[in-house]
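Participant: I have a structure I would like to understand better, so I am pasting it below and will then ask my questions one at a time.
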Amino acid sequence: MQGSIPHRQESWARPRPASFDVLIVDDDIDIRETVEEILSSEGFEVLTARNGAEALERLRDGLPRLILLDLFMPVMDGAEFRRNQLADPSLASVPTVVISAADALEHRVAAMHLTGALEKPLHLDVLMETVERFCS
Amino acid sequence: MAESGGRPTIVPGDLFRRIVEGVTDYAIFMLDASGRIASWNAGAERIKGYEAQEVIGSHFSRFYPPEDVARGKPAWELAQAAKDGRVEDEGWRVRKDGTRFWASVVITALRDEHGTLQGFAKVTRDVTDRKRAEGERERLLRAQEAVQARDEFLAIASHELKTPITALQLQVQSLLRQSAALPGPPGQAFSKRLDAVMRQAERLTRLIDGFSDVVRVNTGALELAREPLDLSELVRTVLARWREELERNHCTVRLSAPAPVTGRFDRPRMEQVIASLLGNAVKYGAGKPVRLQVRAEEDRAILIVSDQGIGIPREFQSRVFDRFVRAVSTRHYGGFGLGLWMVVQIVRAHGGSVHLDSTPGEGSTFEVDLPRELDSR
Chain A
1 MQGSIPHRQE SWARPRPASF DVLIVDDDID IRETVEEILS SEGFEVLTAR
51 NGAEALERLR DGLPRLILLD LFMPVMDGAE FRRNQLADPS LASVPTVVIS
101 AADALEHRVA AMHLTGALEK PLHLDVLMET VERFCS
Chain B
1001 MAESGGRPTI VPGDLFRRIV EGVTDYAIFM LDASGRIASW NAGAERIKGY
1051 EAQEVIGSHF SRFYPPEDVA RGKPAWELAQ AAKDGRVEDE GWRVRKDGTR
1101 FWASVVITAL RDEHGTLQGF AKVTRDVTDR KRAEGERERL LRAQEAVQAR
1151 DEFLAIASHE LKTPITALQL QVQSLLRQSA ALPGPPGQAF SKRLDAVMRQ
1201 AERLTRLIDG FSDVVRVNTG ALELAREPLD LSELVRTVLA RWREELERNH
1251 CTVRLSAPAP VTGRFDRPRM EQVIASLLGN AVKYGAGKPV RLQVRAEEDR
1301 AILIVSDQGI GIPREFQSRV FDRFVRAVST RHYGGFGLGL WMVVQIVRAH
1351 GGSVHLDSTP GEGSTFEVDL PRELDSR
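So the protein lines, in turn, are chains A and B. First residue of the first sequence? That's 1 in the numbering used here, and the numbers climb one at a time after it. First residue of the second sequence? That's 1001 in the numbering used here, and the numbers climb one at a time after it.
What follows is the structure, given as structure tokens:
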């Protein structure tokens, strides 16, 4: 049994396989529920979190194929979540796309080393394309 | 007092009287203990407009506006000066011709060696210019603050409104997808109504985008992403997207775009320019045909949109490109009045210009002239 400890640590340090499709991180309940409903009805497995701290908690139980991240949230905002995510080797490689109404999204993508950004209001086709690219 | 050094004899009281009489920047005069004018100088004559013989003996309350006299201000000021030795005041005073000036006043009580009140010395200065400058500064400051508050509000409003609009649009689009799968006429009727909901959501989005544009321009964040494109083709694309809207408004568009007009432009922003000018022509075009022309003139691209509608009164023509301005009543024509302003912002960012030619009752022609930037890469 003792021998399994270093082994477990080693696997912790490496990216784990994804156990669900999409983690939606947004403080707005309407956005969370709408996106969750739409993606679930298309057959994707979805979890939600209300802020960055909750998202980190969710990620302890399993990894998604894609994180859809809001920027401005209470408790822990998108930028801080992203810093935490990148600092953790087991989470760093999960594709993360920001959905925001904020300005200068291109600059934020570069600054936060994001996979991409979708501007609010976004079209359903754009959302589906993005999710399908990472989750099919 | 004999002078030994041959210098002229000076009578201090007399010299002082002459100085006072000669001063023109200040009205300096005496009042008796009851407030009647006892002396008058050149400054008083200049500032108040009365000559000495007109005012000496009359009560000084004649210099105060009626509302101050009614409140008993002149008597109060004398009582204050008698009590404290002096009183200072700034306020409106009335000249002989009835006009008002902003006065800075000092009234000093004059007493004899026994302490008995003899009268008052009153020194008045006309500081209307200073007052006016302060007022202007104040107004300018308030106006700047108001503009800043408005722009901050727009920034917050546009950001906050985008979240519910996102949820609304996604729901409607998702319902549209599902309704497309419904069989037969009920499915079609459902889709048609959802289309109508979607159009309204898109309209809301455009209005909110208008706010974001104001914020972007104000913060200098209007950045262009130029790419090589054919303006003729772009106009056709926008027209195709507008076909339904044009049909609903019973509006025909005559397009003249005989040849490709290639250049380096920001695609979404140029679409916005075309759509704004087209929308404007439809809105104010009185249902008559709208003409759209695109052509290249050497290194320039020319886009012309003309309608035969209500036109723009001459006095408004220079202002239609301002923010939140429209030449017609807001009750009859909706919108925020941001469209043409944004057209100019985008065209200027491209290094171009917009020209307006309009005759009330005959229609308006907007001509956009853009450098094609063919050499820059």
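Using N, Cα and C, we set each Cβ at its ideal position, and we do this for glycine too.
#1: Check for me: the beta strand (DSSP E) holding residue 1358 of chain B runs from which residue to which?
#2: If contact means a Cβ-Cβ distance below 8 Å, which residues of the region 1336-1368 of chain B contact chain A?
#3: Mapping DSSP to helix, strand and coil, what is residue 1185 of chain B?
#4: Since residue 1119 of chain B and residue 1103 of chain B are thought to touch, with beta carbons under 8 Å apart, how far apart are those beta carbons, to the nearest angstrom?
#5: May I ask which residues mark the beginning and end of the beta strand (DSSP E) holding residue 30 of chain A?
#6: According to DSSP, residue 1229 of chain B sits in a beta bridge with which residue or residues?
#7: Give the secondary structure of residue 1040 of chain B by DSSP, where H, G and I count as helix, E and B as strand, and everything else as coil.
#8: I believe residue 1166 of chain B touches residue 122 of chain A by the beta-carbon criterion, under 8 Å. Please report the beta-carbon distance rounded to the nearest angstrom.
#9: Mind checking if residue 1200 of chain B is an interface residue toward chain A, Cβ cutoff 8 Å exclusive?
#10: Grouping DSSP H, G and I as helix and E and B as strand, with all else coil, what is residue 1256 of chain B?
#11: Once the 5 residues before and after residue 1030 of chain B are set aside, which same chain residues still bring their CB inside 8 Å of it?
#12: Would residue 1387 of chain B pass as an interface residue toward chain A - the criterion being a Cβ-Cβ separation below 8 Å?
#13: Helix, strand or coil, according to DSSP, for residue 100 of chain A in the structure here?
#14: Measure the alpha-carbon distance for residue 1198 of chain B versus residue 1286 of chain B and round it to whole angstroms.
#15: When you compare the region 1203-1221 of chain B with the region 1151-1159 of chain B, are there three or more beta-carbon pairs, one atom per stretch, that lie closer than 8 Å?
#16: Are the beta-carbon atoms of residue 69 of chain A and residue 25 of chain A separated by less than 8 Å?
#17: Please list, in chain order, the chain A residues whose beta carbon lies closer than 8 Å to that of residue 1164 of chain B.
#18: With DSSP run on the structure shown, which of helix, strand or coil describes residue 1306 of chain B?
#19: Taking all protein chains shown into account, decide if residue 1172 of chain B is buried (16 or more other Cβ within 10 angstroms of its Cβ) or exposed.
#20: With DSSP as the reference, please indicate the residues paired to residue 1076 of chain B in a beta bridge.
#21: Check the Cβ of residue 123 of chain A against every Cβ in chain B and list those closer than 9 Å, keeping chain order.
#22: Taking the beta strand (DSSP E) that residue 1110 of chain B falls in, what are its first and last residues?
#23: Looking only at C-alpha atoms, which of B:1058, B:1062, B:1027 sits nearest to residue 1046 of chain B?
#24: Give the interface partners of residue 1205 of chain B over in chain A, defined as CB-CB distance under 7 Å, in chain order.
#25: Within 10 angstroms of the Cβ of residue 120 of chain A, are there 16 or more other Cβ atoms? Answer buried if so, exposed if not.
#26: Counting only runs of 4+ residues fully inside the region 1158-1224 of chain B, write out the alpha helix (DSSP H) ranges in chain order.
#27: Is DSSP giving residue 1026 of chain B helix, strand or coil here?
#28: Can you tell me which of the three DSSP states residue 1088 of chain B falls into?
#29: Is any heavy atom in the ligand HEM found nearer than 7 Å to the beta carbon of residue 1072 of chain B?
#30: Between which two residues does the beta strand (DSSP E) containing residue 1346 of chain B stretch?
#31: Excluding the five sequence neighbours on either side, which residues of its own chain have a C-beta within less than 6 Å of the C-beta of residue 1269 of chain B, listed in chain order?
#32: Can you find a C-beta in chain B that's less than 8 Å from the C-beta of residue 94 of chain A?
#33: In chain A, which residues lie with their C-beta within 8 Å of the C-beta of residue 1216 of chain B?
#34: So who's on the other strand from residue 1093 of chain B, going by DSSP bridges?
#35: Determine, using beta carbons only, whether residue 1250 of chain B comes closer than 8 Å to chain A.
#36: So is residue 38 of chain A in contact with chain B if we call contact Cβ pairs under 8 Å?
Facilitator: So, to answer that:
#1: Along the second sequence, one-based indexing puts residue 1358 of chain B at 358. Here the beta strand (DSSP E) through residue 1358 of chain B covers 1353-1359.
#2: none
#3: To locate residue 1185 of chain B, count along the second sequence from 1; it is residue 185. The answer is helix: DSSP assigns residue 1185 of chain B an H, G or I state.
#4: Position 119 of the second sequence, counted from the start, is the residue given in the question as residue 1119 of chain B. Position 103 of the second sequence, counted from the start, is the residue given in the question as residue 1103 of chain B. Contact flag wrong, Cβ pair sits at about 20 Å.
#5: What you label residue 30 of chain A is simply residue 30 of the first sequence in a count that begins at 1. From DSSP, residue 30 of chain A is part of no beta strand (DSSP E) but of the alpha helix (DSSP H) over 29-41.
#6: Within the second sequence, numbered from 1, the residue matching residue 1229 of chain B stands at position 229. BP columns for residue 1229 of chain B point to B:1263.
#7: Translated into the one-based positions of the second sequence, residue 1040 of chain B becomes position 40. Three-state DSSP puts residue 1040 of chain B in coil, outside helix and strand.
#8: Residue 1166 of chain B sits at position 166 when you count from the first residue of the second sequence. Residue 122 of chain A sits at position 122 when you count from the first residue of the first sequence. That pair is a contact at about 6 Å.
#9: For the purposes of this step, residue 1200 of chain B is identified with residue 200 of the second sequence, where counting begins at 1. Answer no: the Cβ-Cβ gap between residue 1200 of chain B and chain A never drops below 8 Å.
#10: Reading the second sequence from its first residue, position 256 is the one you call residue 1256 of chain B. Reduced to three states, the DSSP call for residue 1256 of chain B is strand.
#11: Position 30 of the second sequence, counting from 1, holds the residue named residue 1030 of chain B. Counting only Cβ-Cβ distances below 8 Å, and skipping sequence neighbours, we find 1037, 1038, 1039, 1110, 1119, 1120, 1121, 1122.
#12: Chain B is shown from 1001 up to 1377; residue 1387 of chain B falls before or after that span and cannot be answered.
#13: Mapped onto the first sequence, residue 100 of chain A falls at position 100. In the structure shown, residue 100 of chain A sits in a strand (DSSP, three-state: E or B).
#14: By one-based count along the second sequence, residue 1198 of chain B stands at place 198. By one-based count along the second sequence, residue 1286 of chain B stands at place 286. Roughly 26 Å between the two C-alpha positions.
#15: yes
#16: In the first sequence, the residue the question calls residue 69 of chain A occupies position 69. In the first sequence, the residue the question calls residue 25 of chain A occupies position 25. Yes, these two residues count as a Cβ contact at 8 Å.
#17: Here residue 1164 of chain B is taken as the residue at index 164 of the second sequence, counted from 1. Neighbours of residue 1164 of chain B on chain A, chain order: 30.
#18: Reading the second sequence from its first residue, position 306 is the one you call residue 1306 of chain B. If DSSP states are grouped into helix, strand and coil, residue 1306 of chain B belongs with the strands.
#19: Stepping through the second sequence from its first residue, residue 1172 of chain B is reached at position 172. Classification of residue 1172 of chain B: buried, given that the 10 Å Cβ count is 16 or more.
#20: Here the question's residue 1076 of chain B lines up with position 76 in the second sequence. Paired residue(s): none; residue 1076 of chain B is not in a bridge.
#21: Numbered from 1 along the first sequence, position 123 holds the residue referred to as residue 123 of chain A. In chain order: 1169, 1170, 1173.
#22: Taking the first residue of the second sequence as position 1, residue 1110 of chain B is located at position 110. First-last of the beta strand (DSSP E) with residue 1110 of chain B: 1100-1111.
#23: Numbered from 1 along the second sequence, position 46 holds the residue referred to as residue 1046 of chain B. Cα-wise, what sits closest to residue 1046 of chain B is B:1027.
#24: The sequence position of residue 1205 of chain B within the second sequence is 205, counting from 1. Under the 7 Å cutoff, chain A gives 121.
#25: Residue 120 of chain A sits at position 120 when you count from the first residue of the first sequence. Per the 10 Å Cβ criterion, buried.
#26: 1184-1218
#27: Here residue 1026 of chain B is taken as the residue at index 26 of the second sequence, counted from 1. Reduced to three states, the DSSP call for residue 1026 of chain B is strand.
#28: As a first step, residue 1088 of chain B is located in the second sequence; it is residue number 88 there, counting from the start. Strand.
#29: The ligand HEM is absent from the structure shown, which contains no ligand whatsoever.
#30: Position 346 of the second sequence, counted from the start, is the residue given in the question as residue 1346 of chain B. It is not in any beta strand (DSSP E) - residue 1346 of chain B instead sits in the alpha helix (DSSP H) that spans 1339-1349.
#31: On the second sequence, position 269 is the one that residue 1269 of chain B refers to. Excluding sequence neighbours, residue 1269 of chain B sits near 1346.
#32: Your numbering for residue 94 of chain A matches position 94 in the first sequence. Judged by the 8 Å Cβ criterion, residue 94 of chain A is not in contact with chain B.
#33: Residue mapping note: residue 1216 of chain B aligns to position 216 of the second sequence, counting from 1. What residue 1216 of chain B touches in chain A: 103.
#34: By 1-based counting over the second sequence, the position of residue 1093 of chain B is 93. DSSP lists B:1101 as partners of residue 1093 of chain B.
#35: Residue numbering aside, residue 1250 of chain B sits at position 250 when the second sequence is read from its first letter. No, because no Cβ of chain A sits closer than 8 Å to the Cβ of residue 1250 of chain B.
#36: Your numbering for residue 38 of chain A matches position 38 in the first sequence. For residue 38 of chain A, the answer is yes, since a Cβ of chain B falls inside 8 Å of its Cβ.
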